[in-house]
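In our numbering, the protein residues as written are 126 to 328. All remarks here apply to the structure that follows.
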Amino acid sequence: MADLRVYKITVVYLQGLEEVSFRKVNNNQTNQNTKEYPINHSERSAYILVGHNVKVELRVLTRLGFDLSSLNADIIDTASITDEVFGGAGYSLREVLTSLNCPFNNLHSGGNDANFTLRASLLLAAKGCVNHGHAMISILRMISTEPIPYRTDPKVKAAKKKEKRAARSRKQQSKFWSFDKQNEIRAERAARRMSGQEGILGK
C-alpha cells in the first residue's frame with residue numbers, strides 16, 4: 126500500500142486539459158507538503174483508478190488481498206477534484222452529481238456508482254476548465270449527461286410505492302371485516318362488473 130502512487134487531479138489539469146498535472150499525495154503528508162509536477166503522456170500509468178473518496182476503497186481492496194502496488198496505477202479521486210472546483214470539502218457523490226446537474230439513479234450500487242463517478246469526473250473537468258470554448262467541453266458534457274436507460278421518474282416511483290402500500294393496507298384490513306361487510310363488498314364488485322359488461326354490449 127505504501128508503494129502505491131496516489132494522485133489527485135489539480136486545477137492545472139482542469140484549466141488546461143492538454144497539459145496534465147498531478148499532485149502526489151502521501152497518507153503521511155498534508156496538502157502543504159505535497160509536490161506538484163507535470164506528467165507526460167508517455168509517463169502515465171497503464172491503469173487509472175477512478176473513485177469518489179477512493180482511499181476507503183483502497184483500504185478495502187488491500188484487506189481483501191489485492192496487491193495494488195503491483196499495478197503502478199494512477200488514481201483520480203472525484204472527492205478531491207470537487208474540493209478544488211467547488212471549494213469546501215466533504216461532498217458526497219449524490220451532492221456532487223446534483224451540483225453538476227448530472228442525471229443519476231439508485232446510488233450505493235456498485236455498477237451505478239462506478240458509472241456516475243466517471244460521469245462526475247468528466248463534468249468536473251468541463252466545469253473547472255477556464256477556456257469554456259475548448260472543443261472538448263461540449264463532448265465531455267454530452268457524454269456525461271446521456272439519459273439513463275430505464276430510469277423511472279422519482280415522483281412516479283414514489284406514487285407507485287404509495288399505491289402498493291395502500292393496497293396492502295386494504296388487504297390487511299379486509300381480514301377483520303365481518304361476513305356482512307365482505308358480502309356487501311362482493312356485491313358492489315359484481316355490480317361494477319355487470320355495469321361494465323353492459324356498457325361494452327351497448328357499444
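Built from N, CA and C at the ideal position, the CB exists for glycine as well.
*asked:* Just to confirm, is the Cβ distance from L218 to D238 under 8 Å?
replied: Within the sequence shown, the letter at position 93 stands for residue 218. Within the sequence shown, the letter at position 113 stands for residue 238. Their beta carbons are under 8 Å apart, which means L218 touches D238 by this criterion.
*asked:* Suppose only complete runs of 3+ residues qualify. What are the beta strand (DSSP E) ranges in the segment 166 to 237, listed by chain order?
replied: 173 to 176 and 199 to 202
*Is F301 helix, strand or coil when you go by DSSP?*
Mapped onto the sequence shown, residue 301 falls at position 176. If DSSP states are grouped into helix, strand and coil, F301 belongs with coil.
*So I264 is in the alpha helix (DSSP H); what residue range does that whole segment cover?*
Working through the sequence shown from its first residue, we reach residue 264 at position 139. Per DSSP, I264 belongs to the alpha helix (DSSP H) from A260 to S269.
_Just checking: is the beta-carbon of A239 within a distance shorter than 8 Å of some beta-carbon in chain D?_
In summary, chain D is missing from the structure at hand, where a single protein chain is found.
*Spatial neighbours of A251 within its chain, please: CB distance less than 7 Å, with the 5 preceding and 5 following residues excluded, ordered by chain position.*
Position 126 of the sequence shown, counted from the start, is the residue given in the question as residue 251. Excluding residues within five positions, the ones whose Cβ falls inside 7 Å are I262, L265 and R266.
*What is the DSSP secondary structure of I310, reduced to helix, strand or coil?*
For the purposes of this step, residue 310 is taken as residue 185 along the sequence shown, with counting starting at 1. Here I310 sits in helix by DSSP.
*Taking the C-alpha atoms as reference points, what is the distance between L248 and D208?*
The residue you call residue 248 lines up with position 123 of the sequence shown. The residue you call residue 208 lines up with position 83 of the sequence shown. Roughly 14 Å separates the two Cα atoms.
*asked:* Quick check on V179: buried or exposed, where buried means 16 or more other Cβ atoms within 10 Å of its Cβ?
replied: Counting from one through the sequence shown, the residue named residue 179 turns up at place 54. Buried, since its Cβ has 16 or more Cβ neighbours within 10 Å.
*Can you tell me whether D202 is buried or exposed, with buried defined as 16 or more other CB within 10 angstroms of its CB?*
Taking the first residue of the sequence shown as position 1, residue 202 is located at position 77. Looking at its Cβ environment, which holds 16 or more other Cβ atoms inside 10 Å, D202 is buried.
*Less than 8 Å between the CB atoms is what I'm expecting for L222 and A245, so what's the real figure, rounded?*
One-based indexing of the sequence shown puts residue 222 at position 97. One-based indexing of the sequence shown puts residue 245 at position 120. With a Cβ gap of about 6 Å, L222 and A245 count as contacting.
_Cα-Cα separation, G176 to K287_ = Counting from one through the sequence shown, the residue named residue 176 turns up at place 51. Counting from one through the sequence shown, the residue named residue 287 turns up at place 162. Whole-angstrom Cα-Cα distance: 35 Å.
_If distances are taken between C-alpha atoms only, which option among N240, A214, F211 and Q307 comes closest to L174?_
For the purposes of this step, residue 174 is taken as residue 49 along the sequence shown, with counting starting at 1. Closest option to L174, Cα to Cα, is N240.
*If you run the structure through DSSP and keep just helix, strand and coil, what is N256?*
In the sequence shown, counting from the first residue as 1, residue 256 sits at position 131. Three-state result, N256: coil.
*Burial state of G396, where buried means 16 or more other Cβ atoms lie within 10 Å*: The first residue shown for the chain is 126 and the last is 328, placing residue 396 beyond what the model contains.
*asked:* Taking the beta carbon of K285 as the centre, do at least 16 other beta carbons fall within 10 Å, making it buried, or is it exposed?
replied: In the sequence shown, residue 285 corresponds to position 160, counting from 1. It is exposed - the Cβ of K285 has fewer than 16 other Cβ atoms within 10 Å.
*Is the beta carbon of P228 sitting closer than 8 Å to the one on I273?*
One-based indexing of the sequence shown puts residue 228 at position 103. One-based indexing of the sequence shown puts residue 273 at position 148. Contact: yes.
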